[in-house]
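Residues in the sequence shown are numbered from 35 upward in steps of one, following the numbering used here.
The C-beta atom is built at its ideal place from N, Cα and C for all residues, glycine as well.
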Amino acid sequence: MRLVVEGLRQLGAVALGAFTALTGVAFVVLALPFATTPRAAAAARGLARLEARRLRLDIGRLDALAGDDGPRLLRYLAARVPMGLLGGMVILLTLWGAWQCGLLAWAWIRNEPFDGMARSLPLALYTGAFATVLLFLALTGLAGVHALERRLAERMLAPDRTEALERRIAELAESRAGIVAAVDSERRRIERDLHDGLQQRLVALSMLVGRAKRGRLELLEQAHQEAQQALAELREVAWRVYPSGLDSLGLGEALAGVAERSSVPVRVVCELRRRPPMAVETAAYFVVCEAVTNAAKHSGAGLITVEVREEGPEEGAAVVVRVRDDGAGGASAAGGGLSGLARRVAALDGRFDVSSPVGGPTTITAVLPCG
35 MRLVVEGLRQ LGAVALGAFT ALTGVAFVVL ALPFATTPRA AAAARGLARL EARRLRLDIG
95 RLDALAGDDG PRLLRYLAAR VPMGLLGGMV ILLTLWGAWQ CGLLAWAWIR NEPFDGMARS
155 LPLALYTGAF ATVLLFLALT GLAGVHALER RLAERMLAPD RTEALERRIA ELAESRAGIV
215 AAVDSERRRI ERDLHDGLQQ RLVALSMLVG RAKRGRLELL EQAHQEAQQA LAELREVAWR
275 VYPSGLDSLG LGEALAGVAE RSSVPVRVVC ELRRRPPMAV ETAAYFVVCE AVTNAAKHSG
335 AGLITVEVRE EGPEEGAAVV VRVRDDGAGG ASAAGGGLSG LARRVAALDG RFDVSSPVGG
395 PTTITAVLPC G
């Protein structure tokens, strides 16, 4: 079934390519005198982008579609014209063959001669075998035209190997700098939490215990309360450093713990086909934890919805995390907490998006590749 669907997709892509080839000829002829102008380059870029989508290419990797010059795009549009026309001819021949087979079958049903030849079993076998061979050649030609068009687009639009490696090195350098910044920011936050919260409580607890030595029972009660609060804050800081329950309980149970500790109602939906790698699991947990904390503190939300799902095929799957709240909106991706999450996600070659119009709702999405 998948083979049939893919074949129909390629047939549609080649048929559409035959039409766009004619459009490309007209465009190249009209735009050639203005190849270096910005308008001609923008129009050529739009046509090249449509061709990339028709061929189901990853247009994010095509350097020409990201801002290349007009002449390069015009050369691609001109070079693909012969292949588009060839695909159109193969489709026309396939349709003509199907029409002839239909006429032969109709003549056979009505017991009428076809092209002066009387109905006979040898003729039917010969014609059927010949039609099968031609159909195979036609389908092979369609697949070949589609593959050649994809190869041409990748060769003329995608960056060369050296340029791609340079771009990847730049991305890795930026990601490494983001990791360093994120770790430093997290370290400072932990130090601040320890200094401003837990340390102050422990000092107060020490003073209360010292005073309680003089025999005042009410001070012992206060000391007990301070000890309980200090333990709670210490537990919270420890969970921010690394959630120990993530190792034994898994992501779903860890997120349930985040929901329990939140001051705003949180609905968690975690649907994973398998347990993701630990780095992905940890990043997903911190995305949810920070997003829920921000929503509870700043948005005035009445409900926070957390969705964690695994999307994509078995190979190349990704964990998609969405945190949505019905608060006032206006969250900025450049904020301290969210920018740190963006760097954490980028370190795993993931994507991080924040949609927060004024008035809400706010949706934070993180896509974390598992490969």
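Helix, strand or coil for residue 397? Go by DSSP, reduced to three states.
strand
With respect to the alpha helix (DSSP H) encompassing residue 124, which residues constitute its N-terminal and C-terminal limits?
115 to 143
In three-state terms, what does DSSP make of residue 49?
Residue state, collapsed to three classes: helix.
By how many angstroms is the C-alpha of residue 112 removed from the C-alpha of residue 124?
20 Å
So the beta strand (DSSP E) residue 90 belongs to, where does it begin and stop?
Taken as a continuous stretch (DSSP letters only), residue 90 belongs to no beta strand (DSSP E), as it is neither H nor E.
Between the Cα of residue 164 and the Cα atoms of 315, 37, 339, 132, which residue gives the shortest distance?
132
Based on the DSSP output, what are the partners of residue 385 in its beta bridges?
401
DSSP beta-bridge partners for residue 352?
345, 403
Helix, strand or coil: which one does DSSP assign to residue 392?
Residue state, collapsed to three classes: coil.
Between which residues of its own chain and residue 117 is the CB-CB distance below 7 Å, once the five residues before and five after are set aside?
179, 182, 183, 186
Per DSSP, what are the beta-bridge partners of residue 304 in this structure?
Answer is 342, bridged to residue 304.
Quick check: residue 342 and residue 404, are their CB atoms within less than 8 Å of each other?
no
Is it a yes or a no for the segment 65 to 79 touching the segment 42 to 49, going by three-plus beta-carbon pairs under 8 Å?
no
Based on the DSSP secondary-structure assignment, which residues constitute the bridge partners of residue 357?
340, 398
Once the 5 residues before and after residue 58 are set aside, which same chain residues still bring their CB inside 6 Å of it?
111, 115
Just curious, the alpha helix (DSSP H) that residue 320 is in, first and last residue?
312 to 328
For the putative contact between residue 355 and residue 402, defined by C-beta atoms under 8 Å, what is the C-beta separation to the nearest angstrom?
7 Å
Roughly how many angstroms separate the alpha carbons of residue 176 and residue 121, rounded to a whole number?
6 Å
Three-state secondary structure (DSSP) at residue 185?
helix
Below 8 Å on the Cβ atoms is my contact criterion, and I expect residue 335 with residue 361 to pass it. Report the Cβ-Cβ distance as a whole number of Å.
3 Å
Is it right to say residue 104 is buried, meaning 16 or more other beta carbons lie within 10 angstroms of its own, or is it exposed?
buried
Among 199, 130, 201, which one has its Cα closest to the Cα of residue 169?
That would be 130, whose Cα lies nearest to the Cα of residue 169.
Which same chain residues, not among the five before or five after residue 51, have their C-beta less than 7 Å away from its C-beta?
88, 118, 121, 183
In terms of alpha-carbon separation, which member of 202, 142, 337 lies closest to residue 299?
337
Got a sec? Which residues, its chain only, sit under 8 Å from residue 395 by beta carbon, not counting five neighbours each side?
358, 359, 360, 361, 363
Does residue 431 pass the burial test, meaning 16 or more other C-beta atoms within 10 Å, or should it be called exposed?
The question about residue 431 has no answer here: the residues shown for the chain are numbered 35 through 405.
Which residues mark the beginning and the end of the alpha helix (DSSP H) in which residue 289 is found?
285 to 295
Would you report the Cα separation of residue 301 and residue 340, rounded to the nearest angstrom?
6 Å
Closest to residue 191 by CA distance: which of 107, 324, 352, 325 is it?
Distance from the Cα of residue 191 is smallest, within the candidate group 107, 324, 352, 325, for 107.
Select from 313, 383, 53, 41 the residue whose C-alpha is nearest the C-alpha of residue 172.
41
May I have the straight-line CA-CA distance separating residue 100 from residue 68, to the nearest angstrom?
Reliability of the predicted coordinates at residue 100 is poor, the pLDDT of 44 falling under 50, and the value obtained from them is presented with this limitation in mind. If you take the alpha carbons of residue 100 and residue 68, they lie about 20 Å apart.
Of all the options 352, 37, 331, which has the alpha carbon lying nearest to the alpha carbon of residue 385?
352
Nearest chain C C-beta to residue 305 closer than 8 Å, yes or no?
The structure shown contains no chain C; it is built from a single protein chain.
For residue 296, collect the residues of the same chain with a Cβ closer than 6 Å to its Cβ; drop the 5 residues on either side in sequence, then sort them by chain order.
326, 330
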